[in-house]
Every structure is written in structure tokens, then in C-alpha cells.
Amino acid sequence: MKVSSSNPIIPGEELEGWSSWSPNALDGLSQKLTPVQLMELAQQRRRQKELAQAETAAEATPAEPEETADAAEGERVVSGYPTAAELEAIHQEAWQSGHEAGEEAGRAAGYQEGLTAGREQGLAEVRAEQEARFAAAWQPLQGLANELAQQISRFETELSADWLALALELAGQLSHGLARQNPLLIQELLREALDDLPATLAQARLRLNPADLEVAREFLAQETPETQWQWIEDPEVERGGCVIDTAALRLDLTMSTRIAAMRKALGMDDEPATD
25 MKVSSSNPII
35 PGEELEGWSS
45 WSPNALDGLS
55 QKLTPVQLME
65 LAQQRRRQKE
75 LAQAETAAEA
85 TPAEPEETAD
95 AAEGERVVSG
105 YPTAAELEAI
115 HQEAWQSGHE
125 AGEEAGRAAG
135 YQEGLTAGRE
145 QGLAEVRAEQ
155 EARFAAAWQP
165 LQGLANELAQ
175 QISRFETELS
185 ADWLALALEL
195 AGQLSHGLAR
205 QNPLLIQELL
215 REALDDLPAT
225 LAQARLRLNP
235 ADLEVAREFL
245 AQETPETQWQ
255 WIEDPEVERG
265 GCVIDTAALR
275 LDLTMSTRIA
285 AMRKALGMDD
295 EPATD
């Protein structure tokens, strides 16, 4: 079936003021249009060209029933969806991309783990080597340190007696000096001695340095008024010391005797006592 055109054909003798067309006739028009307008004009011409091609094809092809046209329209609508082959290609491309990304991530993670493990192993090897070198260098020094410790221990053992003797000598000298500077030192000594005497004492004899007699007499008169004391002045007795004699016991509280007792307690009883 031939499709007739609705455009009437105008005879040439009826046309007035026309001229032949050439492509250069569009130059002035294209210069006045914007890029967007030019694009729209191009699309419009493309649609006109497609429409003309469709009309030409329709003239050459007999008309089909409406059902066939509807089926063709359905095919055109359905053809807008991807085919199974296209879906498979899309799936394969996505799988390949994911596989490559996974391989790249795995290589990066493996490289980092290997780098960390290698660094730790290297540090451990260096540490072990340094410890071995230190042990080898320290071994002779350790022997010297042990020998030095033994020498110091023997030295301390040998000098301990001399140090103690010197300390006791200094203590005796200090005690003598304190007794001369502090007359009340005999009073403190007698106070301690009364704790070792019977609570009731009838008679007793006290030997002491003459310089301590007055202080001792006043103190004992107050502390033991019921006791009858016999006073013996002895210049040989160091100040700050005394000897108490009773019917039951004897207390030697002289400075030399007390220092000798200290030496004996410290295992130095073979040393001569200092007067």
C-alpha cells in the first residue's frame, strides 16, 4: 500500500521569488544560533531523516495486520530489556572485576603480613645474637665480680674486729668526756643499779670517784632513806662509774668493767680492757 504524502506539489510556474539552495546558505544562520540550538537543530534533522526513511520503507513493504503490528510493538518494548547473553556478560564482567580486586587485596595483605613477620624475625635474631655476645663478654667479668665479692667479704671479716675495737675505744673516750662534762651521769647510773638491788636494803657500801660523791649522796638519801650507806672515795674509779657492795651481791659499774663486758659480748674478750 502506498502512503500518500499530505504535502501538495506546487508547480514551478506558481513559485515566486525563489532561488536554489546551497549549504553555504546556513552559515549566517549557524553563526546566529547557540551551541544548544545547533544541537537541537541537528537532532531535529536526524529525526526528519529517520521519518523519511521509515516512510520509504513503508511504501516498499505491504501493510501487515494490526496483530502483527502489535506484536512488533511488543517486541520493540521487550527489546529494551537485556538479553540472557547480555546478562551473562554483565555477570562475567562483575565476577572478573571482583576476582581481580580480591587478588589485589590478598596480595597487599599477604605482603604486609610477610613484612611484619620478617621484621619481627629479624629483630628476634638480632636480639639473640646481641644476648649471646653479651653473655660471652660478661662471663670473664662475672668471674672477676665474684672474686671481688669474696675478697671484700674476707676483708670485712678480717677488719671487723679492728673496727669494733676502734668503736669501743671511741665509746670509752666519749663516756669519759661525758662524765667529766655532766656530773649528773652518776645519778642515772645509780638509778639503774637500784633496780637490781633488793627493795629493802639495810646496809651497803658505795665506792666512787670523789668528784661524784656529793651528787650520789643527795640522790641516795632521797631514793633509799632507810639504807645506811658507807661512802668510799676512790680516785682510781673513773667518773660516771661506781662499785656497790652489799651482803648479798656486788655490782661493778665502773667504765672499764662495762667496756670489757661489751667486748666479751661481741666476741672480743681476748682483747685487753681499756681503763
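Under this note's numbering, the letters of the sequence shown match residues 25 to 299, in that order. Ideal Cβ positions, reconstructed from N, Cα and C, are used throughout, including at glycine.
For Ile-268 against Leu-230, the beta-carbon gap comes to about 6 Å, under 8 Å, which counts as contact. Partner residues in the beta bridge of Ile-268, as assigned by DSSP, are Leu-230 and Leu-275. Listed as beta-bridge partners of Trp-255 by DSSP are Leu-230. Per DSSP, Leu-225 lies in no alpha helix (DSSP H) and is assigned neither H nor E. Cα atoms of Ala-66 and Glu-74: separation of roughly 12 Å, rounded to the nearest angstrom. Inclusion of Met-286 and Gly-265 in the CB contact set at 8 Å is not warranted, their separation being larger than that value.
Judged by DSSP secondary structure, Ala-235 falls outside any alpha helix (DSSP H); it is assigned neither H nor E. Contact check between the stretch 238-258 and the stretch 204-219: three or more CB pairs, one atom from each, fall below 8 Å, which counts as touching. Under the three-state reduction of DSSP, Val-150 is assigned to helix. Taking all protein chains shown into account, Asp-236 has 16 or more neighbouring C-beta atoms within 10 Å of its C-beta and is therefore buried. Membership of Glu-216 in the alpha helix (DSSP H) is indicated by the continuous run 209-218. The residue from Gln-205, Phe-243, Gln-254 and Glu-242 with its alpha-carbon nearest to that of Ala-228 is Gln-254. In the structure shown, Thr-80 adopts helical secondary structure according to DSSP, grouped into three states. When rounded, the separation of the alpha-carbon atoms in Asp-219 and Ile-176 is 45 Å. Pairing Leu-208 with Val-239, the inter-Cα distance amounts to about 7 Å. His-123 has its alpha-carbon roughly 21 Å from the corresponding atom of Ala-109.
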